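Q: Line order of the protein sequences matches chains A and B. 0 is the number of the first residue of the first sequence in numbering that gives the first Met the number 0; add one for each residue after it. 0 is the number of the first residue of the second sequence in numbering that gives the first Met the number 0; add one for each residue after it. By construction, the Cβ of each residue, glycine as well, lies at the ideal position given by its N, Cα and C atoms. Since the model is a prediction, treat every value here as computed from it, not as a measurement. This structure is in C-alpha cells; I'll ask about it shortly.
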Amino acid sequence: MTSEPLTYVLVGVIGLFGVGLYALLTVRNLIKVIVALQILAKSALLALVAAGYAGGVVQVGQSIAVTLIVADTIVAVVGLALAVQIRRRMGTLDVGELSSLRG
Amino acid sequence: MIQLLLAVAAIGCAVQAVRSGRLLGSALWLAGVSAIVALSFFLMGAPQVAVIELSVGAGLVTVLFVFSIGIAGDEPVETQSIVPRLVGIVLSLAASALAALFVLPVAVARAPTAEPAFSDVLWGGRGLDVLLQLVLIFSGVLGVLSLLTEGEAPAHPSIMVREVPKELAELTELSLEEERR
C-alpha cells in the first residue's frame, strides 16, 4: 500500500481545517457559524478514518467516526434550534449585534 | 490521484460554503462537502461510515439547515467581520501549517491487519461509545423539544410587522395621514 493517497487525504484534512477555522473567526451570521463548525467536524471525521486507514485498523476508525457523526449532528440540531429561537426573540442572527445587546 | 481531486473539490466546496452570500447556498455547498467526504471514506475502505455520512451529513443535516433557514429567514449576510479578515487568514494559515508540520511527515500507511467485522467492533469493542451515542441522541431530542415548544415568546417587532394584513396596514397609513392634516 502506497502512502500517496493518504497524503492527499491529509491535504484535504488540513485544507478543510483551515477553511473552517477561518470561517469560525470571521463570519457573523449565527447559522454560518454552525456551517463553520460542520466544516471543522468534517475535517476531524476525515482525519479519524485516515488514521484508521494508516494504522491498518479501518474498522476501529469507522466505529469512532460514527460516534463523531452522531455528536456532530446533535450539535448542529441544537445550534440551529437555538438560532431559530434567537431570531424569533431578538430579530437578528448577527453575532456582533447579539453580543452588544443588553437584557 | 482521485483522492487529490476529491480533496481539492472538498476544499473548494467548503470555501464556497463560507463565501456564499445566501444561507441556503451555504447549506447546499456544505452538503457537497459531506458527499465528497463520504466518497473519500468509500475509497479508503470504510463503506459503512460513508453511507452514514452520506445519509446523515448530506441528507438529514441539510434538510435541518433548509428548514431552519426557512423559519429564521435567509437575510443577506453581512461582509464586515468582527475579527479582521487578514488576522483570520494569518491565524488559520498558521494553524494549518502547524497541523501539516506534525501530520504530513508520518503519513505512511501500514498493511491492513486482520480485523473483526464492523458490527463486532462497534457493538463489542466500542460498547461505551454506543451508549454515549444513545445518551447524546436522547439529550439532543429533549433539548430541541424544550427549545421549540417553549411558551409563547414575545416576537421581535420586525417579525410582527410582517404579519400585519395589507388592508390593515393601508387603513393605518390613511388614519395617520388624516391626523397629520
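1. Considering only the beta carbon of each residue, do G20 (chain B) and V77 (chain A) sit closer than 8 Å?
2. So Q37 (chain A) packs on L29 (chain B), CB below 8 Å; how close in whole Å?
3. Is it buried or exposed for T6 (chain A), if we count other Cβ within 10 angstroms and need 16 for buried?
4. For chain A, check one thing: does any of its Cβ atoms lie closer than 8 Å to the Cβ of P104 (chain B)?
5. CB A35 (chain A) to CB A22 (chain A), shorter than 8 Å?
6. Scan the segment 12 to 24 of chain A for residues whose Cβ lies nearer than 8 Å to a Cβ of chain B and list them as they occur along the chain.
7. Compile a chain-ordered list of the residues in the segment 33 to 45 of chain B whose CB is closer than 8 Å to at least one CB of chain A.
8. Bridge partners of D71 (chain A), per DSSP?
9. When DSSP labels each residue in this structure, what does D93 (chain A) get in the three-state scheme?
10. So if I threshold CB-CB distances at 9 Å, which residues from the segment 60 to 72 of chain A count as touching chain B?
11. Does the CB of A168 (chain B) have a neighbour CB from chain A at under 8 Å?
12. Hey, would you say A70 (chain A) sits closer than 8 Å to L97 (chain B), going by beta carbons?
13. Let me check understanding here. Comparing Cα to Cα, which of A:L92, A:I63, A:V12 lies closest to G126 (chain B)?
14. Residues of the segment 49 to 65 of chain B with a CB closer than 8 Å to any CB of chain A: list them in chain order, please.
A: According to the data block:
1. No Cβ-Cβ contact shorter than 8 Å links G20 (chain B) with V77 (chain A).
2. 6 Å
3. Answer is buried; the Cβ neighbour count reaches 16.
4. no
5. Yes.
6. V12, I13, G14, L15, F16, G17, V18, G19, L20, Y21, A22, L24
7. Residues S33, V36, S39, F40, L42, M43, G44, A45.
8. DSSP, once it has assigned bridges, lists no residue as partnering D71 (chain A).
9. strand
10. When C-beta distances to chain B are compared with 9 Å, the residues of the segment 60 to 72 of chain A below that value are G60, Q61, S62, I63, A64, V65, T66, I68, V69, A70, D71, T72, in chain order.
11. no
12. no
13. A:I63
14. Taken in chain order, the members of the segment 49 to 65 of chain B whose beta-carbon sits within less than 8 Å of a beta-carbon on chain A are I51, E52, V55, G56, L59, V60, L63, F64.
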